[in-house]
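These protein sequence lines are chains X and V, in that order.
Sequential numbering of the first sequence, starting at 472, is according to my numbering.
Sequential numbering of the second sequence, starting at 472, is according to my numbering.
First comes the structure, then the notes that go with it.
There are 2 protein chains.
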Amino acid sequence: VPANDHRLSERAAISILERALGGQRSRDVRVGIGDDAAVLAGGLVWTLDASLEGVHFDRRWLSLEQVGNRAIEAAVSDLAAMGAMPVAALVGLALPNRVTRREVDALARGQARAARRTRCPIVGGNITRGPALSLTTTVLGRAQRPLLRKGARAGDELWLVGSVGLARAGLLLLQQKRARPAVAVRAWREPRALLREGHALVGRASACIDVSDGLASDAFHLAGESGVALVIDETTLVTPLLRSASRALGVAPEELALTGGEDYALLATGPRRRRPAFAKRIGSVERGSGVFLAGSGPRRALARGGFDHLG
Amino acid sequence: VPANDHRLSERAAISILERALGGQRSRDVRVGIGDDAAVLAGGLVWTLDASLEGVHFDRRWLSLEQVGNRAIEAAVSDLAAMGAMPVAALVGLALPNRVTRREVDALARGQARAARRTRCPIVGGNITRGPALSLTTTVLGRAQRPLLRKGARAGDELWLVGSVGLARAGLLLLQQKRARPAVAVRAWREPRALLREGHALVGRASACIDVSDGLASDAFHLAGESGVALVIDETTLVTPLLRSASRALGVAPEELALTGGEDYALLATGPRRRRPAFAKRIGSVERGSGVFLAGSGPRRALARGGFDHLG
Numbered sequence: 472v473p474a475n476d477h478r479l480s481e482r483a484a485i486s487i488l489e490r491a492l493g494g495q496r497s498r499d500v501r502v503g504i505g506d507d508a509a510v511l512a513g514g515l516v517w518t519l520d521a522s523l524e525g526v527h528f529d530r531r532w533l534s535l536e537q538v539g540n541r542a543i544e545a546a547v548s549d550l551a552a553m554g555a556m557p558v559a560a561l562v563g564l565a566l567p568n569r570v571t572r573r574e575v576d577a578l579a580r581g582q583a584r585a586a587r588r589t590r591c592p593i594v595g596g597n598i599t600r601g602p603a604l605s606l607t608t609t610v611l612g613r614a615q616r617p618l619l620r621k622g623a624r625a626g627d628e629l630w631l632v633g634s635v636g637l638a639r640a641g642l643l644l645l646q647q648k649r650a651r652p653a654v655a656v657r658a659w660r661e662p663r664a665l666l667r668e669g670h671a672l673v674g675r676a677s678a679c680i681d682v683s684d685g686l687a688s689d690a691f692h693l694a695g696e697s698g699v700a701l702v703i704d705e706t707t708l709v710t711p712l713l714r715s716a717s718r719a720l721g722v723a724p725e726e727l728a729l730t731g732g733e734d735y736a737l738l739a740t741g742p743r744r745r746r747p748a749f750a751k752r753i754g755s756v757e758r759g760s761g762v763f764l765a766g767s768g769p770r771r772a773l774a775r776g777g778f779d780h781l782g
Numbered sequence: 472v473p474a475n476d477h478r479l480s481e482r483a484a485i486s487i488l489e490r491a492l493g494g495q496r497s498r499d500v501r502v503g504i505g506d507d508a509a510v511l512a513g514g515l516v517w518t519l520d521a522s523l524e525g526v527h528f529d530r531r532w533l534s535l536e537q538v539g540n541r542a543i544e545a546a547v548s549d550l551a552a553m554g555a556m557p558v559a560a561l562v563g564l565a566l567p568n569r570v571t572r573r574e575v576d577a578l579a580r581g582q583a584r585a586a587r588r589t590r591c592p593i594v595g596g597n598i599t600r601g602p603a604l605s606l607t608t609t610v611l612g613r614a615q616r617p618l619l620r621k622g623a624r625a626g627d628e629l630w631l632v633g634s635v636g637l638a639r640a641g642l643l644l645l646q647q648k649r650a651r652p653a654v655a656v657r658a659w660r661e662p663r664a665l666l667r668e669g670h671a672l673v674g675r676a677s678a679c680i681d682v683s684d685g686l687a688s689d690a691f692h693l694a695g696e697s698g699v700a701l702v703i704d705e706t707t708l709v710t711p712l713l714r715s716a717s718r719a720l721g722v723a724p725e726e727l728a729l730t731g732g733e734d735y736a737l738l739a740t741g742p743r744r745r746r747p748a749f750a751k752r753i754g755s756v757e758r759g760s761g762v763f764l765a766g767s768g769p770r771r772a773l774a775r776g777g778f779d780h781l782g
């Protein structure tokens, strides 16, 4: 067995699948593998997201009600990044043998809460036995003109909607058995898909992605798909809240902001004159490729890396 | 902890979810939880299906190429039962750490083969690490007038399209390390969603379901949703092929036919004059409730049971 046959990275697995599956043409498909969601004829936007115990969540830090709620919000966040509004969802549950009625009830309560908040009725799905608790959520939405990862142009500003780093700080605090700052813990436990903001970016933003893997990692996705370089002004990322969480943890706030995902913020690009009030300028788009940090010191290139789900 | 808090059945879990999730209304939703697939405005038909190693398949009896192929065919079969044709699919993969490049390649090759055969391009999805190999497939299709589980009327005939029992015989043969009759082994390894037949049932059948759990179990679903009794003529289920597989196994062919799922046959009802040539009459629809067996001996009621994924 060749050495490269082991410890397959997520990127390698995706590229195998893209090669094997990407070739089939259809007049119904506008955007296929590679964006936050697929785009079908008629402005349908469609995504699938998984949440597994031991990989994506740990029940020491989340109630099952929160697990259910997060699974829906995370899936819907892919629609927010496309500027789409939800139509409906299907949920697939794998339940270990030991699961109780009360636990399934809590999960479903959390899913129902997010479904109501995002106006995304759950219209079916699948239940199976499985070795670990797992939730798979597929969401269908509609967008007149979906925002894609590609479209950023040199000269655009780089915008952030929502916060980055707080959710990561919240998880690290919980792992240290601390509950403060509460706003960070809440950011991790109770994320909200930025649907209204994403929808309002249509016609303003040139490209958009939701920050689920981490700001740096998702910036690489947007830069790559758009064929541009992104320059992030680090100093704009550090809010007073993030600074206080970072002090409590002893971790640099810039590191939390750049590597933390799961806040489900939106990273977008667009011309200065079109920036909405809810978006914060955190950098700029230039010709070239890659992601750079600028701010107080000299500009430096970020290494492509970030959180790899198979790593 | 109360005793009923343990060993939750699939039916109990579904009813918890239906209660928690079923309440949300939307003008986009025509048919929600409870049919083979959800039906949305515009004739969109949508389903989700899971295939887990150790629960739904065993790699001793299937190559990974076949695992990938089956996952797509099984999901598409739900569309066939609604009389819908596929638009596109998303696939979610959970891969254990030990998975190799070659294995992912084989899975994707199988998925791509079924995607081509069923004209259902795979347009995206999700990859994650997980404790067991798992494939979640969601398929979107279109039907002008979707066939539902409800709609069967007393006086209709009961129709079978495709075979039942052969796939189950094939699995039992493999478990006994036997490869013949090869047609049974192939029925289990290489199922095909009956898309053309399902589509041709629109305007002819009054109700339809795909036989994935087992003929008896799925007959109960159709009878329950339609509010009728189904009478199955056992003698019609035993084909020469099933008889020869049953002899090789020493299992009654009627038992294989009634409990075997995974052939992905279609069970439908409709008036005699509308029965298409490819459908076989296997019984009748009567007023009442439940599923009955008739044939050579006296009529008897079947007990509601069948394969329970959480059992």
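Heads up, the beta-carbon is just placed ideally off N, CA and C, and yes, glycines get one too.
For residue i, tell me which candidate among the options has the shortest Cα-Cα distance.
| i | options | result |
| --- | --- | --- |
| X/G626 | X/L492, X/R771 and X/S755 | X/S755 |
| X/V702 | X/A623, X/L511 and X/V500 | X/A623 |
| X/S634 | X/R620, X/R649 and X/W659 | X/W659 |
| V/T607 | V/Q646, V/Y735, V/L737 and V/L523 | V/L523 |
| V/P567 | X/C679, X/E481 and X/D734 | X/E481 |
| X/A638 | X/A521, X/F749, X/R743 and X/E733 | X/E733 |
| V/S767 | V/G695, V/R746, V/E705 and V/S548 | V/E705 |
| X/L578 | X/V538, X/T589 and X/A671 | X/V538 |
| X/L738 | X/S717, X/S683 and X/V654 | X/S683 |
| X/A664 | X/P557, X/L629 and X/L479 | X/P557 |
| V/A723 | V/V547, V/L643, V/P742 and V/E668 | V/L643 |
| V/S534 | V/A772, V/L479 and V/V575 | V/V575 |
Any Cβ of chain X within less than 8 angstroms of the Cβ of residue i?
| i | result |
| --- | --- |
| V/E733 | no |
| V/L481 | Checking the sequence, you will find Glu at residue 481 of chain V rather than Leu. Yes - at least one Cβ of chain X is within 8 angstroms of the one on V/E481. |
| V/V575 | yes |
| V/S497 | yes |
| V/W517 | yes |
| V/R620 | no |
| V/A586 | yes |
| V/G777 | Confidence at V/G777 is low in this model, with a pLDDT of 48, below 50, so the placement of that residue is unreliable and no value is reported for it. |
Using C-beta distances below 6 angstroms, list every residue in its chain close to residue i, excluding the 5 sequence neighbours before and after it, in chain order.
| i | result |
| --- | --- |
| V/A614 | G514, V516, M553, G554 and A555 |
| V/G636 | L713, L727, A728 and G731 |
| X/T609 | L519 and L561 |
| V/A545 | D520 |
| X/R758 | A625 |
| X/R588 | none |
| X/G563 | G596, N597 and T607 |
Under 8 angstroms, Cβ to Cβ, is there at least one residue of chain V near residue i?
| i | result |
| --- | --- |
| X/A474 | Residue confidence for X/A474 is low, a pLDDT of 39 falling below 50, so the modelled location carries little weight; the figure read from the coordinates is stated next. Answer no: the Cβ-Cβ gap between X/A474 and chain V never drops below 8 angstroms. |
| X/W659 | no |
| X/A484 | yes |
| X/L566 | yes |
| X/V762 | no |
| X/R572 | yes |
Might you give, ordered along the chain, the residues of its own chain that have their beta carbon closer than 7 angstroms to the beta carbon of residue i, omitting 5 neighbours on each side?
| i | result |
| --- | --- |
| V/R584 | N540 |
| V/P473 | For V/P473, the predicted model reports a pLDDT of 37, less than 50, meaning its position is unreliable; a value from the coordinates is still stated below. Closer than 7 angstroms at the Cβ level, and outside the excluded window around V/P473, lies no residue. |
| X/A586 | I543, A560, P592 and I593 |
| V/A508 | V516, W517, T518, D549, L550 and M553 |
| V/E843 | With chain V covering 472 to 782 only, the question about residue 843 of chain V has no answer from this structure. |
Given that residue i touches chain X, what residues does it touch there, using C-beta distances under 7 angstroms?
| i | result |
| --- | --- |
| V/D520 | N597 |
| V/A579 | I487, L488, A491 and L492 |
| V/T609 | L519, L561 and T609 |
Below 8 angstroms on C-beta distance, what does residue i contact in chain X?
| i | result |
| --- | --- |
| V/I504 | I593, V594, G595 and G596 |
Chain X partners of residue i, CB-CB under 9 angstroms?
| i | result |
| --- | --- |
| V/D704 | Those do not exist, as V/D704 stays about 32 angstroms from chain X at its closest Cβ, beyond 9 angstroms. |
| V/A678 | By Cβ distance, chain X contributes nothing, its closest Cβ being about 18 angstroms from V/A678, past 9 angstroms. |
| V/V500 | V558, A559, P592 and V594 |
Which residues in chain C sit within 9 angstroms of residue i, going by Cβ to Cβ distance?
| i | result |
| --- | --- |
| V/Q582 | Among the protein chains of the structure shown, namely X and V, there is no chain C. |
Output needed for residue i: all residues of its chain with C-beta closer than 8 angstroms, excluding positions within five of it in sequence on either side, in chain order.
| i | result |
| --- | --- |
| X/G525 | A603 |
| X/E489 | I504 and G505 |
| X/L645 | R531, W532, V656 and W659 |
In the DSSP output, which residue or residues are listed as bridge partners for residue i?
| i | result |
| --- | --- |
| V/K751 | V/L631 |
| X/W517 | X/A509 and X/L611 |
| V/M556 | V/R613 |
| X/S522 | X/L606 |
| V/E757 | V/A700 |
What does residue i reach in chain V if we use C-beta pairs closer than 8 angstroms?
| i | result |
| --- | --- |
| X/G525 | P602 |
| X/A509 | A559, L561, V594 and G595 |
For residue i, which residues in chain V fall below 9 angstroms Cβ to Cβ?
| i | result |
| --- | --- |
| X/G626 | Here the premise fails: no neighbours, minimum Cβ distance about 30 angstroms. |
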